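Novice: In my numbering, the protein residues as written are 53 to 323.
We put the beta carbon where it would ideally sit given N, CA and C, even for glycine.
Just so you know, these numbers come straight off a predicted model, no measurement behind them.
Below is a structure I'd like to ask you about.
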Ligand code: BEZ
Ligand code: FE
């Protein structure tokens with residue numbers, strides 16, 4: 053019998069990790085090996101397909117730089133990011149649900165007074181006032197909660213993708229007072245495609261998938277003594293709600309953006 057026959061290979065690779073004293077690393081890598089070997093066996097992967105996969109992953113890495121993270125986009129479009137979200141944020145208590153962060157968050161957005169606009173001189177779009185409260189599980193207002201918000205311009209691009217927009221366009225940070233309320237002005241979000249000029253775009257095309265995300269506004273809401281939540285408000289009625297390219301939609305986050313108004317209360321979980 054061959055020493056590392058098909059039947060013995062998987063366990064032989066896992067046994068080679070026995071000297072690793074990081075138990076979590078051993079667990080994750082062993083599962084990784086088991087699932088990868090099972091995949092190869094299940095589909096009887098050809099050598100040409102194996103090489104194609106290596107070339108695809110190489111191109112994915114080569115597309116990454118400090119402004120572009122193609123591996124996160126791959127994870128997002130294969131539903132891996134939302135599976136990680138699902139297993140880490142099981143919230144039976146009615147707290148605001150989380151969703152993907154996406155690759156376009158940047159730190160350092162300006163701190164703005166309540167009621168201010170994040171849209172600056174941006175052309176087009178429907179002016180919208182977004183308001184509500186940040187509360188705890190008992191509905192009590194949370195003081196000094198920070199809402200870090202970001203979205204695309206009406207052309208579907210974030211400032212970091214579009215040299216025609218000023219730095220930090222459509223981004224801002226707002227801090228609640230004692231009553232837990234917040235409000236700011238923006239433009240009604242639009243649906244837009246995830247970047248398609250890299251290997252992930254080619255993959256979507258080959259799979260017959262569209263690249264669109266339903267219109268949304270991003271938030272990270274945080275407060276001392278509470279778990280931060282990374283989430284979106286999705287625009288009710290958007291045609292892509294059921295086919296989000298990154299599987300990020302949750303019913304509880306779908307919100308009316310009608311007549312220039314959107315209203316949502318964020319519920320944070322105490323740590
Ligand atoms: C976003 O909503 O910004 C986003 C999320 C995942 C992939 C690409 C973009
Ligand atoms: Fe987005």
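Go ahead and pull the three-state DSSP assignment for residue 233.
Specialist: On the chain shown, residue 233 is found 181 positions in, with the first residue counted as 1. Residue 233: strand per DSSP, three-state reduction.
Novice: Spatial neighbours of residue 267 within its chain, please: CB distance less than 6 Å, with the 5 preceding and 5 following residues excluded, ordered by chain position.
Specialist: Taking the first residue of the chain shown as 1, we reach residue 267 at position 215. Once the five neighbours on either side are set aside, the close Cβ partners of residue 267 are 241, 242, 243, 287, 290.
Novice: Where does residue 192 land, buried or exposed, given buried means 16+ other C-beta within 10 angstroms?
Specialist: Taking the chain shown and counting its residues from 1, one reaches residue 192 at position 140. Classification for residue 192: exposed.
Novice: Whose C-beta lies closer than 6 Å to the C-beta of residue 89 among residues of the same chain, with five residues either side of it excluded?
Specialist: Here residue 89 refers to the residue found at position 37 when the chain shown is read from its first residue. Closer than 6 Å at Cβ, skipping near neighbours: 62.
Novice: Count the other CB atoms, across all protein chains shown, that sit within 10 Å of the CB of residue 140; report buried if there are 16 or more and exposed otherwise.
Specialist: Taking the chain shown and counting its residues from 1, the one referred to as residue 140 is at position 88. Burial is judged here by how many other beta carbons sit within 10 angstroms of a residue's own beta carbon; residue 140 has fewer than 16 and is exposed.
Novice: Residue 300: which of 231, 284, 318, 310 sits nearest, CA to CA?
Specialist: Position 248 of the chain shown, counted from the start, is the residue given in the question as residue 300. Of 231, 284, 318, 310, the residue nearest in Cα terms is 284.
Novice: What is the DSSP secondary structure of residue 103, counted as helix, strand or coil?
Specialist: The residue given as residue 103 occupies position 51 in the chain shown. In the structure shown, residue 103 sits in a helix (DSSP, three-state: H, G or I).
Novice: Assuming residue 236 and residue 201 are in contact, meaning their beta carbons sit under 8 Å apart, how far apart are those beta carbons, in whole angstroms?
Specialist: In the chain shown, the residue the question calls residue 236 occupies position 184. In the chain shown, the residue the question calls residue 201 occupies position 149. Indeed they touch by this definition, with Cβ atoms about 7 Å apart.
Novice: What residue does the beta strand (DSSP E) around residue 183 start on, and which one ends it?
Specialist: Taking the first residue of the chain shown as 1, we reach residue 183 at position 131. Element bounds for residue 183: 179–187.
Novice: For residue 314, does the three-state DSSP call read helix, strand or coil?
Specialist: Taking the chain shown and counting its residues from 1, the one referred to as residue 314 is at position 262. Secondary structure at residue 314: strand, using DSSP grouped into helix, strand and coil.
Novice: Would you give the residue range spanned by the beta strand (DSSP E) that residue 200 belongs to?
Specialist: To locate residue 200, count along the chain shown from 1; it is residue 148. In the DSSP annotation of this structure, the continuous segment of the beta strand (DSSP E) that includes residue 200 starts and ends at 198–202.
Novice: Are there 16 or more other CB atoms within 10 angstroms of the CB of residue 224, so buried, or fewer, so exposed?
Specialist: The residue labelled residue 224 in the question sits at position 172 within the chain shown. Buried, by the Cβ-count rule.
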